[in-house]
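In the UniProt record's numbering, the protein residues as written are 1 to 189.
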Amino acid sequence: MVNAVLRGLVAALVVLSATVSSPAHAEEILPLSEAVDGLSLGTESRDGYSRDKFRHWNAGDNPADGCHTRSEVLIHEAIEPPAAGPNCRLTGGSWFSYYDAVSVESASGLDIDHMVPLAEAWDSGASAWSAQRREGYANDQGQEASLVAVPPARTGARPTKTLPSGFPPPPTRTAATPRSGWVPSSAGT
(Lines of atoms letter the chains of each structure in order from A and count residues from 1; the text may use other names and numbers.)
(Lines give C-alpha, C1' and ligand atoms only; values in the text may rest on other atoms or scores of the structure.)
Protein backbone atom coordinates (compact mmCIF):
# COMPACT_ATOMS: atom_id res chain seq x y z
CA MET A 1 0.00 0.00 0.00
CA VAL A 2 2.84 2.43 0.79
CA ASN A 3 4.34 1.75 -2.63
CA ALA A 4 0.99 2.43 -4.30
CA VAL A 5 0.67 5.75 -2.45
CA LEU A 6 4.25 6.72 -3.39
CA ARG A 7 3.63 5.81 -7.03
CA GLY A 8 0.47 7.93 -6.97
CA LEU A 9 2.32 10.90 -5.47
CA VAL A 10 5.13 10.62 -8.02
CA ALA A 11 2.59 10.48 -10.85
CA ALA A 12 0.78 13.52 -9.44
CA LEU A 13 4.05 15.47 -9.19
CA VAL A 14 4.96 14.60 -12.77
CA VAL A 15 1.55 15.79 -14.00
CA LEU A 16 1.70 18.98 -11.91
CA SER A 17 5.21 19.86 -13.04
CA ALA A 18 4.16 19.42 -16.66
CA THR A 19 1.09 21.65 -16.28
CA VAL A 20 2.51 24.43 -14.09
CA SER A 21 4.45 26.92 -16.15
CA SER A 22 7.00 29.39 -14.94
CA PRO A 23 6.23 33.09 -15.39
CA ALA A 24 6.96 34.45 -18.84
CA HIS A 25 8.94 37.35 -17.40
CA ALA A 26 10.14 37.55 -13.82
CA GLU A 27 11.08 40.99 -12.52
CA GLU A 28 14.82 41.34 -12.16
CA ILE A 29 16.12 43.38 -9.25
CA LEU A 30 19.58 44.82 -9.75
CA PRO A 31 21.96 46.55 -7.36
CA LEU A 32 22.16 50.29 -8.02
CA SER A 33 25.66 50.08 -9.51
CA GLU A 34 24.53 47.45 -12.04
CA ALA A 35 21.41 49.45 -12.92
CA VAL A 36 23.56 52.53 -13.59
CA ASP A 37 25.98 50.48 -15.69
CA GLY A 38 22.99 49.19 -17.71
CA LEU A 39 21.80 52.65 -18.73
CA SER A 40 22.46 53.35 -22.38
CA LEU A 41 24.54 56.38 -23.25
CA GLY A 42 24.05 58.47 -26.33
CA THR A 43 24.75 61.87 -27.77
CA GLU A 44 22.86 64.60 -25.96
CA SER A 45 21.60 67.87 -27.36
CA ARG A 46 19.92 70.77 -25.58
CA ASP A 47 18.81 72.28 -28.92
CA GLY A 48 15.22 73.51 -28.69
CA TYR A 49 14.92 72.97 -24.92
CA SER A 50 12.46 75.12 -23.02
CA ARG A 51 10.98 74.34 -19.61
CA ASP A 52 7.65 75.49 -21.08
CA LYS A 53 7.59 72.33 -23.24
CA PHE A 54 6.92 70.33 -20.04
CA ARG A 55 3.44 71.35 -18.83
CA HIS A 56 3.26 71.80 -15.06
CA TRP A 57 1.18 71.21 -12.75
CA ASN A 58 -1.69 69.12 -14.01
CA ALA A 59 -4.68 67.75 -12.08
CA GLY A 60 -2.46 65.22 -10.34
CA ASP A 61 -3.09 61.60 -9.49
CA ASN A 62 -6.62 62.27 -8.22
CA PRO A 63 -8.30 65.01 -10.29
CA ALA A 64 -11.42 64.79 -8.11
CA ASP A 65 -9.62 66.08 -4.99
CA GLY A 66 -8.86 69.48 -6.53
CA CYS A 67 -5.14 69.19 -5.76
CA HIS A 68 -2.66 69.60 -8.61
CA THR A 69 0.60 67.69 -8.74
CA ARG A 70 2.57 70.25 -6.73
CA SER A 71 0.13 70.07 -3.82
CA GLU A 72 -0.02 66.27 -3.96
CA VAL A 73 3.78 66.05 -3.72
CA LEU A 74 3.79 68.47 -0.78
CA ILE A 75 1.11 66.44 1.01
CA HIS A 76 2.94 63.18 0.32
CA GLU A 77 6.33 64.45 1.52
CA ALA A 78 5.09 66.26 4.63
CA ILE A 79 6.39 65.11 8.00
CA GLU A 80 3.35 66.79 9.58
CA PRO A 81 0.56 66.84 6.98
CA PRO A 82 -0.83 70.23 5.98
CA ALA A 83 -4.55 70.92 5.92
CA ALA A 84 -6.02 71.16 2.42
CA GLY A 85 -8.62 73.91 2.17
CA PRO A 86 -10.76 75.08 -0.76
CA ASN A 87 -8.99 74.64 -4.10
CA CYS A 88 -6.45 72.53 -2.20
CA ARG A 89 -4.86 75.58 -0.55
CA LEU A 90 -2.38 74.09 1.91
CA THR A 91 -1.97 75.48 5.43
CA GLY A 92 0.23 74.22 8.23
CA GLY A 93 2.41 71.19 7.86
CA SER A 94 6.15 70.69 8.05
CA TRP A 95 8.76 69.23 5.72
CA PHE A 96 12.39 68.14 5.85
CA SER A 97 14.75 68.68 2.93
CA TYR A 98 17.20 65.79 2.71
CA TYR A 99 19.29 67.83 0.26
CA ASP A 100 20.47 70.26 2.89
CA ALA A 101 19.01 69.01 6.22
CA VAL A 102 16.65 71.98 6.52
CA SER A 103 13.22 71.89 8.18
CA VAL A 104 10.53 73.94 6.44
CA GLU A 105 7.30 75.02 8.14
CA SER A 106 5.37 76.41 5.17
CA ALA A 107 4.45 74.91 1.81
CA SER A 108 5.27 78.27 0.22
CA GLY A 109 8.87 77.77 1.37
CA LEU A 110 9.31 74.82 -0.98
CA ASP A 111 9.68 74.22 -4.69
CA ILE A 112 8.91 70.91 -6.36
CA ASP A 113 11.96 69.73 -8.23
CA HIS A 114 12.50 66.91 -10.70
CA MET A 115 15.05 64.35 -9.52
CA VAL A 116 16.26 64.16 -13.11
CA PRO A 117 16.09 67.78 -14.29
CA LEU A 118 13.86 68.57 -17.25
CA ALA A 119 16.87 69.82 -19.22
CA GLU A 120 18.64 66.49 -18.70
CA ALA A 121 15.51 64.59 -19.73
CA TRP A 122 15.37 66.74 -22.88
CA ASP A 123 19.04 66.04 -23.62
CA SER A 124 18.46 62.32 -23.12
CA GLY A 125 15.53 61.94 -25.48
CA ALA A 126 12.51 63.87 -24.20
CA SER A 127 12.99 66.18 -27.18
CA ALA A 128 11.47 63.39 -29.30
CA TRP A 129 8.51 62.81 -26.96
CA SER A 130 4.97 63.98 -27.57
CA ALA A 131 3.69 66.94 -25.53
CA GLN A 132 1.49 64.49 -23.61
CA ARG A 133 4.45 62.31 -22.61
CA ARG A 134 6.50 65.37 -21.53
CA GLU A 135 3.56 66.52 -19.39
CA GLY A 136 3.39 63.04 -17.88
CA TYR A 137 7.09 63.19 -17.02
CA ALA A 138 6.84 66.70 -15.55
CA ASN A 139 4.02 65.52 -13.26
CA ASP A 140 5.22 61.95 -12.61
CA GLN A 141 4.34 60.64 -9.18
CA GLY A 142 4.72 57.00 -10.18
CA GLN A 143 8.28 56.76 -8.89
CA GLU A 144 8.84 57.56 -5.22
CA ALA A 145 11.56 60.14 -5.91
CA SER A 146 10.65 61.56 -9.33
CA LEU A 147 9.43 64.80 -7.78
CA VAL A 148 10.84 66.14 -4.52
CA ALA A 149 10.03 69.12 -2.31
CA VAL A 150 13.13 71.29 -1.76
CA PRO A 151 13.89 74.82 -0.57
CA PRO A 152 13.95 77.22 -3.57
CA ALA A 153 17.69 77.90 -3.22
CA ARG A 154 18.36 74.22 -4.01
CA THR A 155 16.57 74.12 -7.35
CA GLY A 156 18.89 76.71 -8.86
CA ALA A 157 21.98 75.09 -7.32
CA ARG A 158 21.36 71.67 -8.84
CA PRO A 159 23.07 70.68 -12.01
CA THR A 160 21.02 70.09 -15.16
CA LYS A 161 23.27 67.30 -16.39
CA THR A 162 23.52 63.55 -15.76
CA LEU A 163 24.13 61.83 -12.42
CA PRO A 164 24.86 64.53 -9.86
CA SER A 165 28.47 63.70 -8.98
CA GLY A 166 29.11 67.31 -8.01
CA PHE A 167 25.95 67.59 -5.97
CA PRO A 168 26.16 65.28 -2.99
CA PRO A 169 23.87 66.18 -0.11
CA PRO A 170 25.39 66.43 3.36
CA PRO A 171 25.87 63.10 5.14
CA THR A 172 22.55 62.07 6.64
CA ARG A 173 20.65 58.83 6.89
CA THR A 174 18.87 59.74 3.64
CA ALA A 175 21.95 60.88 1.73
CA ALA A 176 21.57 58.02 -0.76
CA THR A 177 18.09 59.15 -1.78
CA PRO A 178 19.06 61.68 -4.49
CA ARG A 179 21.44 59.25 -6.20
CA SER A 180 19.27 56.15 -5.84
CA GLY A 181 16.22 58.12 -6.99
CA TRP A 182 18.07 59.15 -10.14
CA VAL A 183 18.16 55.64 -11.62
CA PRO A 184 14.41 54.86 -11.77
CA SER A 185 13.62 58.43 -12.83
CA SER A 186 16.35 58.54 -15.45
CA ALA A 187 15.55 55.08 -16.77
CA GLY A 188 12.12 56.40 -17.76
CA THR A 189 13.64 59.02 -20.06
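Heads up, the beta-carbon is just placed ideally off N, CA and C, and yes, glycines get one too.
Here the structure is a predicted model, which is why all the values come from computation and not from measurement.
Sixteen is the threshold: since fewer than 16 other Cβ atoms of the shown chains lie within 10 Å of the Cβ of Arg89, the residue is exposed.
Glu135 and Ala101 have their C-alpha atoms roughly 30 Å apart.
Annotated as proximal: Asp111 and Val150, with beta-carbon spacing under 8 Å. In the structure shown, Ala78 adopts coil according to DSSP, grouped into three states. As DSSP reads the structure, Phe54 sits in no beta bridge. Rounded to whole angstroms, Ser130 and Ser97 show a C-alpha spacing of 32 Å. By a beta-carbon distance limit of 8 Å, Ala84 contacts Cys67. Their separation comes to about 6 Å.
Cβ neighbours of Gly109 within its own chain (closer than 7 Å, five residues either side excluded): Pro151. Between the alpha carbons of His56 and Ser40 lies a distance of about 28 Å. Where Ser33 is concerned, the enclosing alpha helix (DSSP H) starts and stops at Leu32 to Asp37. Check the Cα spacing between Asn87 and each of His114, Ala121, Gly93 and Ala59: the tightest is with Ala59.
For Pro117 and Leu147, the gap between their C-alpha atoms comes out near 10 Å. Separation of Ser127 and Ala119 (C-alpha to C-alpha, rounded to the nearest whole angstrom) is 10 Å. At a Cβ-Cβ threshold of 8 Å, Pro81 and Ala107 do not count as neighbours.
With a 10 Å radius around the Cβ and a threshold of 16 neighbouring Cβ atoms, Thr69 comes out buried. Contact between Leu30 and Gly38 is confirmed by a C-beta separation of about 7 Å, below the 8 Å threshold. In the structure shown, Ala126 adopts helical secondary structure according to DSSP, grouped into three states.
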